[in-house]
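This report concerns only the one structure given below.
Protein chains: 2
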Amino acid sequence: MADAARPARLENGRRDLTNIAIDCFARYGYKATSIARIAEAAGLTKGAIYYHFRDKEELLFAAVSDRLTQFERSVTAQILPPADAGRALREIARVCLDHATKSNHRRFIVTLMVEAIDTNARLAEQFRAMMHRFRGFLREIIELGQREGSFRGDVSASVAADVYAGAVMGAEIQYYQDPESFDLEGTVNTFLDQYVGWLQRDHPQRAERR
Amino acid sequence: MADAARPARLENGRRDLTNIAIDCFARYGYKATSIARIAEAAGLTKGAIYYHFRDKEELLFAAVSDRLTQFERSVTAQILPPADAGRALREIARVCLDHATKSNHRRFIVTLMVEAIDTNARLAEQFRAMMHRFRGFLREIIELGQREGSFRGDVSASVAADVYAGAVMGAEIQYYQDPESFDLEGTVNTFLDQYVGWLQRDHPQRAERR
DNA sequence: TCAGCCATACTGAACGTTCGGTATGTAATT
DNA sequence: AATTACATACCGAACGTTCAGTATGGCTGA
C-alpha cells in the first residue's frame, strides 16, 4: 500500500541528513545555509536536525569527513593497479570530473575550502591537509613516471603536481559558475593532452626563451 | 598641534569604506562579514556605514565594481602595445600574480565569485560576464598568435583560453589556502612554460595517444 | 572679522528579523 | 512501557537597518 503522505521518516537519519546538508553547503556555503533550510530540504523541521546532530558544526564536519574520505578513496581506488604514470594522471582527472558533474562532491569541497580559509581554522586545516595529500599523491605518480623514464626528469615533480591540481580546480570553478556553457570536459582534456605531452617529452630545451 | 584623539573622520568616506569592505569581503566572504566588522575596521560605528551606503548590498556592489574595473583595466593596460602573443600571455599572468599577492584584489574576486554563484543572481551574472570577457580577451590573443603563425593552429583558441584562466585561478586558490608554503609564482611560471611551449610547437601529432 | 546658517559626517540607541540552539510534547514502533 | 524519531514552541544573541541627535567645518552676509 505504498507510502502515500506519511510523515516521511528517514530510514537512516544521520546519513540522509548529511547528504542533504552537503547539497546545501555545496550551493550556498556554510554560513548562508541555515538549519531550517536543511530541515526543509529533508522534509523535516529544525528539531529533527538537533536530534541527529549536536550542533551545526558537527553536521558540517560530518559532511566534510564524508566527502573528503569518499573523494580520496575513489581517487586512490581507481589507481591501485600501478598503470603507467600518464594513464594514472588521466584517470585521476576523470574521477575529479565525475565528482564535479555527476555529483556535487567537488563543488562542496571547493566551496567550503574557499569559505573556510579565514573563517574556520579547524576546517581550513582539514582542507589544507587534504590538498597536501592530493598534491603529494600526484607528485608520487609524476616521480614514478620520471623513474620509469616515461616522464622527463628536468622538472620539479612537486611543482608539476601543483600545476595539475590548480588547472583541474580552476576549470571546475568556471564550470560551477556557468555549467550551461562552459565545456569542462573539453577544457580538462585539452589541459591533459598538453600537460602529459609536456611531461613525456624529454628535455626539449626549447630554442629561445628569454 | 597635531590631531590627538579626534573622532577620526574619513577624508573620502565612500572610497575608504569601499576599500576596507573589500579587505573584509576578500577574507571572510559577504555573508560572514558583518557591517559591525567593517565599521570597526574603519574606526567608525555601524551608523556611519549607512550614511554612505543604502544597505549592505550597495556596499558589496560598490566593492565589486571597483575591483572588477580596476583589475580589467590593469590587464588591458599592460597589453596595449600588441607585443607577440606569447609575451602577452606571460604579462597577463604577471598582472594576476600581482593582484593576488601584492593586494587582495584577486582573492576578493575569487571568493565572492564562488560565494555568489547560487546566493546572489545579480552578482553572479556580473562575475559570469567578467569571466566571459577575460576568456574572450585571452582567446583573441591566442587567435592573434595563430594568425601570426607563432602559435599552432590545430587547437581551439577558446578552449585554450579556458585552460589558461583555470590554471591561474586554481593556482591562486591553493596559494590563498596556504600562502606560507605554496609557491604561487613557481607554479604559474611552470604552467606558462608548458602552456606557451605547447602553443608554440606546431602540430606535434604526438606518437601514440589511445 | 565674526555671528549665523547649513551641509557633512558621523554617534548611539533602538527595532525587527533571522538564526542557532533548547525544552517539551507526541505519535509510532518495539 | 519504553525508546525512537520526530514536531512545536520558544529563547537569546547577532545581524541589518533606521533614526534622532550632534560635532565640525565651510560659506555668507553684515
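Quick mapping for you: the protein sequence lines, in order, are chains Y and E.
Counting from 1, one number per residue, gives the positions in the first sequence under the numbering used here.
Counting from 1001, one number per residue, gives the positions in the second sequence under the numbering used here.
Cβ coordinates follow ideal geometry from the N, Cα and C atoms, glycine included.
None of the values given here were measured: they were computed from a predicted structure.
Open item on the list: Could you check whether residue 67 of chain Y and residue 127 of chain Y sit closer than 8 Å to each other, using their CB atoms as the reference points?
Closed with: No. Outside cutoff.
Task: Under 7 Å from the C-beta of residue 1035 of chain E: neighbouring residues of chain Y - done: The contacting residues do not exist; residue 1035 of chain E stays about 15 Å from chain Y at best.
Task: Residue nearest to residue 64 of chain Y in terms of C-alpha spacing, selected from Y:17, Y:177 and Y:179 - done: Y:17
- [ ] Determine the chain E residues that contact residue 27 of chain Y at a beta-carbon separation under 7 Å, and present them in chain order.
- [x] 1118
TODO: Determine the burial state of residue 1015 of chain E: buried for a count of at least 16 other Cβ atoms within 10 Å of its Cβ, exposed for fewer.
DONE: exposed
Open item on the list: Using only the alpha-carbon positions, how far apart do residue 159 of chain Y and residue 1186 of chain E sit?
Closed with: 7 Å
Open item on the list: For residue 1100 of chain E and residue 1172 of chain E, what's the separation of their Cα atoms in angstroms?
Closed with: Distance between the alpha carbons of residue 1100 of chain E and residue 1172 of chain E is about 7 Å.
Task: Whole alpha helix (DSSP H) elements within the segment 51-80 of chain Y, 4-residue minimum - done: Segments of the alpha helix (DSSP H) lying fully in the segment 51-80 of chain Y: 56-77.
Task: residue 196 of chain Y classed as buried or exposed, judged by whether at least 16 other C-beta atoms fall within 10 angstroms - done: buried
Task: Contacting positions in the segment 1100-1130 of chain E - beta carbon closer than 8 Å to chain Y - done: Here the close residues are 1110, 1111, 1113, 1114, 1115, 1117, 1118, 1119, 1124, 1127 and 1128.
Open item on the list: Suppose only complete runs of 4+ residues qualify. What are the alpha helix (DSSP H) ranges in the segment 140-172 of chain Y, listed by chain order?
Closed with: none
- [ ] For residue 31 of chain Y, count neighbouring C-beta atoms within 10 Å of its own C-beta (all shown protein chains included) and say buried if the count is 16 or more, exposed if not.
- [x] buried
Open item on the list: For residue 193 of chain Y, report the span of its alpha helix (DSSP H) as first-last.
Closed with: 184-200
Task: Partners in chain Y for residue 1176 of chain E, counting only beta-carbon separations shorter than 7 Å - done: 117
Task: Three or more C-beta pairs below 8 Å linking the segment 1018-1029 of chain E and the segment 108-127 of chain Y - done: yes
- [ ] Could you tell me which chain E residues have their CB closer than 9 Å to the CB of residue 21 of chain Y, listed as they occur along the chain?
- [x] Within chain E, no residue comes near residue 21 of chain Y; the closest Cβ sits about 15 Å away, beyond 9 Å.
- [ ] Give the secondary structure of residue 1101 of chain E by DSSP, where H, G and I count as helix, E and B as strand, and everything else as coil.
- [x] helix
- [ ] For residue 1106 of chain E, count neighbouring Cβ atoms within 10 angstroms of its own Cβ and tell me buried if that reaches 16, exposed if not.
- [x] buried
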